[in-house]
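The next block holds one structure in the form of structure tokens; read it before the comments.
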């Protein structure tokens, strides 16, 4: 069982027992290989899950960055409109002063 949960121990036990008890060494080696295979499968599944989650997070971050840029552009447009309004008010006052 130890060789299943810690495959490195299984490899060491396999090397220790391979000459003196080949059947036992073979069983230990099988458990170690099965443990490595199961660990690899679990890692692949986790990588797939976390990879998909990472991709979704990147998409959310990109959408938030786009929204921030749109807000900045809207603020710039609002400031420009305020400047135009001030210029028009100044022009109206100047015309009122001129024409009385």
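Residue numbers (this note's numbering): -18 to 81. We put the beta carbon where it would ideally sit given N, CA and C, even for glycine. Model, not experiment: these values are computed from the prediction.
How would you call residue 142, buried or exposed, if buried means at least 16 neighbouring beta carbons within 10 angstroms? No answer is possible for residue 142: the residues shown for the chain start at -18 and end at 81.
Through-space distance from residue 21 to residue 10, alpha-carbon basis: As a first step, residue 10 is located in the chain shown; it is residue number 29 there, counting from the start. As a first step, residue 21 is located in the chain shown; it is residue number 40 there, counting from the start. Taking the straight line joining both Cα atoms gives about 16 angstroms.
Considering only heavy atoms of the ligand GTP, does any lie closer than 7 angstroms to the CB of residue 80? The model on display carries no ligand, and the ligand GTP is accordingly not part of it.
N- and C-terminal bounds of the alpha helix (DSSP H) containing residue -1: By one-based count along the chain shown, residue -1 stands at place 18. Note, residue -1: premise wrong, no alpha helix (DSSP H); not H, not E.
Supposed contact pair residue 13 and residue -9 - C-beta distance, whole angstroms, cut 8 angstroms: As a working mapping, residue -9 is identified with position 10 in the chain shown. As a working mapping, residue 13 is identified with position 32 in the chain shown. Going by Cβ atoms, the distance from residue -9 to residue 13 rounds to 3 angstroms, so yes, they are a contact pair.
Tell me the DSSP secondary structure of residue 9 in three-state form. Here the question's residue 9 lines up with position 28 in the chain shown. If DSSP states are grouped into helix, strand and coil, residue 9 belongs with the helices.
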